[in-house]
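Those sequence lines, one after another, are chains E and F.
24 is the number of the first residue of the first sequence in the working numbering; add one for each residue after it.
68 is the number of the first residue of the second sequence in the working numbering; add one for each residue after it.
In what follows, a structure is listed as structure tokens, so that the remarks can point back to it.
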Amino acid sequence: MGLKQNLHNLKEKYKGTKMAPAFNAIHTFLYLPNEVTHGGTHIKAADDLKRTMNTVIMSLIPVLVFSMFNAGFQHHAAIDPSLREAVLANFFTWDNLWIGIVKVLPLVIVSYAVGLAVEFVFAVIKGHEVEEGYLVTGMLVPLIVPVDTPLWMLSVAVIFGVVIGKEVFGGTGMNILNPALTIRAFLFFAYPTWMSGDKVWVHDAVNRAGTADAISGETILGSYAQNQEVVYSTWDKFMGFIPGSVGETSTFLILLGAAFLIFTKIGSWRIILSTFIGAAVMGLIFNAVVDAEIITQSSKFYGLMSTPFWEHLIIGGLAFGAVYMATDPVTASQTNKGKWIYGFLIGFVSIMIRVFNPAYPEGVFLAILLMNVFAPTIDHYVVQGNVKRRLNRAKVKTA
Amino acid sequence: MSKDIRIKKGLDIKLVGEAETKTTDVNLSSVYAVKPENFHGITPKLLAKEGAVVNAGQALFYSKSDERILFPSPVSGKVTEIVRGARRKVLAIKIAADKTLAYTDFGIKNPASMSGDEVKSHMFHAGCWPFIKQRPYDVIANPNQTPKAIFISGYATAPLAADLSYTLNGKKEEITTALEALSKLTSGNVHVSVGKREAALFNEISLEKLIVHNVSGPHPAGNVSTHIAEIDPINKGEVVWVIEPTDLVVIGELFLTGKLNLARTVALTGSQFSAPHYVRVISGASIADVVCEAGLNEDNTRIINGNPLTGTETDKEGFLGFYDHQITAIPEGDDYEFFGWNKPVFDKISTSRALTFSWLTPKKKYDLTTNTNGEHRAFVVTGSYEDVFPLDIYPMQLLKAFMYKDLDEMENLGGYEIAPEDFALTEFICVSKQPHQKIIREGLDLMNEELG
Chain E
24 MGLKQNLHNL
34 KEKYKGTKMA
44 PAFNAIHTFL
54 YLPNEVTHGG
64 THIKAADDLK
74 RTMNTVIMSL
84 IPVLVFSMFN
94 AGFQHHAAID
104 PSLREAVLAN
114 FFTWDNLWIG
124 IVKVLPLVIV
134 SYAVGLAVEF
144 VFAVIKGHEV
154 EEGYLVTGML
164 VPLIVPVDTP
174 LWMLSVAVIF
184 GVVIGKEVFG
194 GTGMNILNPA
204 LTIRAFLFFA
214 YPTWMSGDKV
224 WVHDAVNRAG
234 TADAISGETI
244 LGSYAQNQEV
254 VYSTWDKFMG
264 FIPGSVGETS
274 TFLILLGAAF
284 LIFTKIGSWR
294 IILSTFIGAA
304 VMGLIFNAVV
314 DAEIITQSSK
324 FYGLMSTPFW
334 EHLIIGGLAF
344 GAVYMATDPV
354 TASQTNKGKW
364 IYGFLIGFVS
374 IMIRVFNPAY
384 PEGVFLAILL
394 MNVFAPTIDH
404 YVVQGNVKRR
414 LNRAKVKTA
Chain F
68 MSKDIRIKKG
78 LDIKLVGEAE
88 TKTTDVNLSS
98 VYAVKPENFH
108 GITPKLLAKE
118 GAVVNAGQAL
128 FYSKSDERIL
138 FPSPVSGKVT
148 EIVRGARRKV
158 LAIKIAADKT
168 LAYTDFGIKN
178 PASMSGDEVK
188 SHMFHAGCWP
198 FIKQRPYDVI
208 ANPNQTPKAI
218 FISGYATAPL
228 AADLSYTLNG
238 KKEEITTALE
248 ALSKLTSGNV
258 HVSVGKREAA
268 LFNEISLEKL
278 IVHNVSGPHP
288 AGNVSTHIAE
298 IDPINKGEVV
308 WVIEPTDLVV
318 IGELFLTGKL
328 NLARTVALTG
338 SQFSAPHYVR
348 VISGASIADV
358 VCEAGLNEDN
368 TRIINGNPLT
378 GTETDKEGFL
388 GFYDHQITAI
398 PEGDDYEFFG
408 WNKPVFDKIS
418 TSRALTFSWL
428 TPKKKYDLTT
438 NTNGEHRAFV
448 VTGSYEDVFP
458 LDIYPMQLLK
468 AFMYKDLDEM
478 ENLGGYEIAP
488 EDFALTEFIC
498 VSKQPHQKII
508 REGLDLMNEE
518 LG
């Protein structure tokens, strides 16, 4: 009884005070509360928001673990390219993991610590419970930034993202833009030199730039955008043994996560599938443009336009965006029909921005943020269809 | 035209404690109570004063909005107490019952030879009108309107619901008479939707305006809104009336015998009864008397007037509600569960598979408690309500419209077609633990007030 009873007594003591939300957040983390139903259904299903969010986090664990190894592997492989010849043998090593522990883990810890602190402060000020939305956001943020992102920069961005992206709208469930992507966008526009270029994607590449030990930190998309050849095999690209944002590289593990989310009915398969379809369609269009010889090799868009459409799906952040970002139920379309349109446009626009953006050859986060803004509009027209059907039914009757 | 209605979206909540098909008679309670709050939206005007002696069937009060709508006493005896709450609101009228009941005689009538108005005034007079509810708004029917059709659901899919083929067994004559009387009240048809078990009973009845439909599928396949949507959806400005099939028996008996007999077969269900079964009691009886033979475990028990989705909370000192045919007793869930939000769950129902495993055992019967399994949150998850909501309505959008009370949207999104009970399943599965039925009830009241 000990702990349970003591916490219960503390909860009664804090009830009605300013600190109650902060205490409850910790208490309900340990124990499912003793609340009973009143006035509605007397029984309730097992799922709550914590369980839902927790499921998403579980689907991210393999990606996080992989990304910790990959942070080290990309660093070492940039110094000694021969490591790439036997990737599997050289990948799961303590050396690689150590770099993950010193570079990736702090990003996760800072993201959670700062974000949850902001949530607690807002909960106490506004007197509402600490809501679970940030549990997922806090995990997503470290996975979508370059590995060498300074921790202070991340903290500033997280505070901005949580306050401006979410709390000003009223907290979890009320925000218009995906908070994780708001944080990413803030970093991108506030500190562009840290967020783009051919150095930031591999640990230590920035520090070594200009010295005798210089290494490349270029992503595949960066190489394509400059019409350069890419050294990675399709297998590497799919499995994720490539440079990129911390957690975006392994399409394989992301698809595994997607399978888990779809199976548990937490992630929307409609959005995930339609995002890939949209991206493939845009890729096909660009391929057709190249095939029709409308543009030539001299064009600066040639590299990315001629990338086979299926390759667009496994490089860059598309898979990560489709599975973990676009599916955020709060900022996505809420109707099932709307989800198809929403996802398709995300994929479509992602590849378009990726190809046409000269400074930064990736468009997934911009495409998702753009569609976040349009999601309510999509829903509006879907719902209007239902309204029209209802009005027509009445008209047929009176006619 | 009879229709086959097959419902795919929904969820059967299978619980422990189904009533055994065995009926016992319960002795008369010493005190009966009629509670005006059972009749939603009615402001009572008392007819019987404290100390008055009433017959069974005699009116105790009438509706302030229409004085023809009378509310009858279930038993004969003396009005012992009128319980009042804040602002002298009438909470309950208590009647000490006679040892043998004396009934007011309303006269034997043959509905076949009566006009609609005659049927109506007979039902007013005998206090039968409150049985008839209307859509839109899910309130007692406004007698000044003529419904385009009357709907009766003869298919019970709510958790632990009474088996209608059992409780209606042998009541064919009463039901036929009642259906005949009701068919005089509408310009359209009387639609009865039945499941497999009840089909035999209703298919034997043949009346000019009666249409029997077959329904199958999971809950809410038994909700009358589901049938209305499939058969003849409600448009703006239209009215339909709905009646519980068990109340047809009371109406039929009134016409056949001239007596208003509010006795009914009530299912005692739920895991807190050691011997769940059916009892024959009169509405308004004290709960303690109704449940006395079912072996109620009183330790930390929630007693519910009705089913666990739509019923109202009561206790042993409470009384059987006017409309209720079921009393459910389930364990209270007022305890903490260590890491209950993330550990695998085998003993609770869920529509997701987020480490919840009820999808592995679709036939298993669960012993659910009243725990909310989480805290109240803003709407976050989308797309889950649609899986258990068969109407052509966007449930989340409608709920939100009902919350911010935009009358145009409430109307356009389907507010006329629903009752709070239609949102019981979405409330059950709601990850954000929002009070859907309350939101809908308050919204419908607002619509009724503003759009009437």
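Where a beta carbon is used, it is the ideal one built from N, C-alpha and C, also for glycine.
Q. Is Q357(E) helix, strand or coil by DSSP?
A. coil
**Q.** Buried or exposed (CB count within 10 angstroms, at least 16 for buried), G25(E)
**A.** exposed
Q.
Whether or not the segment 388-396 of chain F and the segment 330-350 of chain F are in contact is what I'm after, with contact meaning three or more pairs of Cβ atoms, one per stretch, closer than 8 Å; do they touch?
A. yes
Q: For T358(E), return the contacting residues in chain F, with the cut-off set at a CB-CB distance below 9 Å.
A: T449, G450, E453, Y461, M463 and Q464
**Q.** Near-chain F residues of the segment 191-203 of chain E - C-beta to any C-beta below 8 Å
**A.** G193, G194, T195, G196 and M197
(Q) Residues of chain E with CB closer than 8 Å to the CB of G108(F), please, in chain order. (A) None at all; the shortest Cβ gap to chain E is about 17 Å.
Q: Note down, in chain order, every chain E residue with its Cβ under 7 Å from the Cβ of D314(F).
A: In chain order: nothing, as chain E lies at least about 23 Å away.
Q | Buried/exposed call for K326(F), threshold 16 Cβ in 10 Å | A | buried
Q.
Which residues of the segment 55-70 of chain E have a Cβ closer than 8 Å to any Cβ of chain B? Give them in chain order.
A. The chain inventory of the structure shown lacks chain B, comprising the protein chains E and F.
**Q.** Residues of the segment 420-431 of chain F with Cβ closer than 8 Å to any Cβ of chain E, in chain order
**A.** R420, A421, L422, T423 and S425
(Q) By the three-class DSSP mapping on this structure, what secondary structure does Y214(E) have? (A) coil
Q.
Please classify F386(F) as buried or exposed, where buried requires at least 16 other C-beta atoms within 10 Å of its C-beta.
A. buried
Q) Whose C-beta lies closer than 8 Å to the C-beta of Y129(F) among residues of the same chain, with five residues either side of it excluded? A) P111, K112, L114, R135, I136, L137 and F138
(Q) Which residue wins for smallest C-alpha separation from P141(F), given the options S254(F), D314(F), T313(F) and I162(F)? (A) I162(F)
Q.
Which residue wins for smallest C-alpha separation from G306(E), given the options Y325(E), F89(E) and S321(E)?
A. Y325(E)
Q | Cβ-based neighbour list, L329(F), same chain, cut-off 6 Å, excluding 5 preceding and 5 following | A | P141, I349 and S350
Q) Would the beta-carbon of L130(E) fall within 9 Å of that of V168(E)? A) yes
Q. For chain F, is any of its Cβ atoms less than 9 Å away from the one on K27(E)?
A. yes
Q. What does K36(E) pair with, by DSSP beta-bridge criteria?
A. Answer is none; K36(E) lacks a bridge partner.
Q. Does the segment 386-406 of chain E come close enough to the segment 197-213 of chain E to have 3 or more Cβ pairs within less than 8 Å?
A. yes
**Q.** Extent of the continuous alpha helix (DSSP H) to which A267(F) belongs
**A.** K263 to N270
Q) Where does the unbroken alpha helix (DSSP H) through E87(F) begin, and where does it stop? A) Taken as a continuous stretch (DSSP letters only), E87(F) belongs to no alpha helix (DSSP H), being part of the beta strand (DSSP E) at E87 to D92.
Q) With 9 Å set as the bound, which would you pick, yes or no: does the beta-carbon of I352(E) sit closer than that to a beta-carbon of chain F? A) In the sequence on display, residue 352(E) carries Pro and not Ile. Yes - at least one Cβ of chain F is within 9 Å of the one on P352(E).
**Q.** Candidates M328(E), A303(E) and A237(E), of which the one nearest S315(E) by Cα
**A.** Looking at the sequence provided, one finds Ala at residue 315(E) rather than Ser. It is M328(E) whose Cα lies nearest to the Cα of A315(E).
Q: Could you give the DSSP three-state label for S273(F): helix, strand or coil?
A: coil
(Q) Just to confirm my understanding: we take T243(F), look at its own chain, exclude 5 residues before and 5 after, and list those with CB closer than 8 Å. What are they? (A) I272, L274 and G319
Q) Using a C-beta to C-beta distance shorter than 9 Å, which residues of chain E count as neighbours of Q504(F)? A) G62, G63 and T64
Q. Got a sec: is the Cβ-Cβ distance from L31(E) to anything in chain F below 9 Å?
A. Note that residue 31(E) is His in the sequence shown, not Leu. Interface residue, yes.
Q | Nearest-angstrom Cβ-Cβ length linking I374(E) and A302(E), presumed shorter than 8 Å | A | 5 Å
Q: Evaluate contact between the segment 215-235 of chain F and the segment 300-320 of chain F, counting only Cβ atoms and requiring at least three cross-stretch pairs below 8 Å.
A: yes
Q) Over what stretch of residues does the alpha helix (DSSP H) that includes L244(E) continue unbroken? A) I243 to A248
Q. A225(F) and G124(F) look like a contact to me (Cβ under 8 Å); what is the Cβ gap, rounded to whole Å?
A. Not really, about 29 Å apart at Cβ, beyond 8 Å.
Q. Which one of Q504(F), L246(F) and A248(F) has the shortest CA to CA distance from T377(F)?
A. Q504(F)
Q) For a contact meaning CB atoms closer than 8 Å, what does A445(F) contact in chain E? A) E154, G193, G194, T195, G196 and M197
Q. Looking at chain F, which residues of the segment 284-312 of chain E have a Cβ within less than 7 Å of any of its Cβ atoms?
A. F286, T287, K288, I289 and S291
Q: Quick one: list the residues of chain E neighbouring A228(F), beta-carbon separation under 9 Å, in chain order.
A: The premise fails here: A228(F) is roughly 14 Å from chain E at the closest Cβ pair, so nothing lies under 9 Å.
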